[in-house]
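Please read the structure below before turning to the comments.
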């Protein structure tokens, strides 16, 4: 089955800096790659997603890149703000969705 | 917030007992997926229901079972509870087209926090 690895497990940045989170997946048939943000005690919320026919997608301060050949994808957050602090999960899906272990992002004011 | 709801919000059970968790999908969605999220970990896929039939299953034993109803709401049943079943149980709803061409976007409910003593 699909196996998703996510790095780093924790990330601390200064407000205004950029943050990058990287994931790799094992199943070359996976075709959908969402990113979720989960604040403490709350549900995971979709922040951006990308499908396998696209290499890059951007939404304001958030961007995702996908390299199908290398089977890895990354989340980029620019101009980070304290409210970006949360746990971020990547996932890969063909039919069922498999998640990475999460990255705890802390943005220091 | 999504239109996905779950009940109950919290539950305490003892080992060996059985539990039923409920999920109402977002309006217009025909697919429900269930996940187990242990503390400090990512969600683990349990199974998915599409049009009232199981449509994929993760690495969970048969004592984890489910149902989907004609209105697309769903139940997760866990028999013979073990201490390690303590976790946040999340459901996510999505709209699958027929035939499905690629995975669809999933929207999560708030979860049910289960504690097994």
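Chains as they are written, first to last, in our numbering: chain S, 1 to 109; chain D, 110 to 226. We treat Cβ as the ideally placed atom computed from N, Cα and C, and that holds for glycine. Just so it is clear, the structure is predicted and the values come from calculations on it, not from any experiment.
Check: Based on DSSP bridge pairs, tell me the residues matched to residue 51 of chain S.; Outcome: S/32
Check: Tell me which residues of the stretch 32-57 of chain S have at least one Cβ-Cβ distance to chain D shorter than 8 Å, keeping chain order.; Outcome: 32, 34, 36, 42, 43, 44, 45, 46, 49, 51 and 52
Check: Taking the alpha carbon of residue 89 of chain S as the reference point, which residue from S/16, S/1, S/57 and S/45 has its own alpha carbon closest?; Outcome: S/45
Check: Kindly give me the distance between the Cβ atoms of residue 148 of chain D and residue 221 of chain D, rounded to whole angstroms, as I take these residues to be in contact under 8 Å.; Outcome: Not confirmed; about 14 Å, so no contact.
Check: Does residue 183 of chain D get closer than 9 Å to chain S when you measure Cβ to Cβ?; Outcome: no
Check: Over the uninterrupted beta strand (DSSP E) stretch that includes residue 71 of chain S, give me the two end residues.; Outcome: Taken as a continuous stretch (DSSP letters only), residue 71 of chain S belongs to no beta strand (DSSP E), as it is neither H nor E.
Check: Can you tell me whether residue 175 of chain D is buried or exposed, with buried defined as 16 or more other CB within 10 angstroms of its CB?; Outcome: buried
Check: Taking the alpha-carbon of residue 4 of chain S as reference, which of S/62, S/28, S/108 and S/85 has the nearest alpha-carbon?; Outcome: S/28
Check: What ranges does the beta strand (DSSP E) occupy inside the stretch 127-180 of chain D, keeping only unbroken runs of at least 3 residues that lie completely in it?; Outcome: 128-133, 140-146, 153-159, 162-166 and 173-177
Check: Helix, strand or coil for residue 81 of chain D, going by three-state DSSP, please let me know.; Outcome: This structure does not reach residue 81 of chain D, given that chain D is present from 110 up to 226, and the question cannot be answered.
Check: What residues from chain S crowd round residue 151 of chain D, counting only those whose CB sits closer than 7 Å?; Outcome: 89, 99, 100, 101 and 102
Check: Could you check if residue 163 of chain D is buried or exposed, using at least 16 other CB atoms within 10 Å of its CB as the buried criterion?; Outcome: exposed
Check: So residue 9 of chain S and residue 101 of chain S are supposed to be a Cβ contact under 8 Å. How far apart are they, rounded?; Outcome: 7 Å
Check: Thinking just about the alpha-carbon of each residue, which of D/137, D/132 and D/138 is nearest to the one in residue 144 of chain D?; Outcome: D/132
Check: Are the stretch 184-193 of chain D and the stretch 71-83 of chain S touching, with three or more C-beta to C-beta distances below 8 Å?; Outcome: no
Check: Below 8 Å CB to CB, which residues in the same chain sit around residue 56 of chain S once its five sequence neighbours on both sides are set aside?; Outcome: 50, 63, 64, 65 and 66
Check: Can you pull the DSSP bridge partners for residue 185 of chain D?; Outcome: D/130 and D/175
Check: Between the C-alpha atoms of residue 12 of chain S and residue 97 of chain S, what's the straight-line distance to the nearest angstrom?; Outcome: 27 Å
Check: Please classify residue 83 of chain S: does DSSP put it in a helix, a strand, or coil?; Outcome: helix
Check: Report the partner residues of residue 93 of chain S according to the DSSP bridge assignment.; Outcome: S/32 and S/97
Check: Determine whether the beta carbon atoms of residue 225 of chain D and residue 195 of chain D lie at a separation below 9 Å.; Outcome: yes
Check: List, in chain order, every chain S residue whose beta-carbon is nearer than 8 Å to that of residue 219 of chain D.; Outcome: 42 and 43
Check: Counting only beta-carbon atoms, is residue 213 of chain D nearer than 9 Å to chain S?; Outcome: yes
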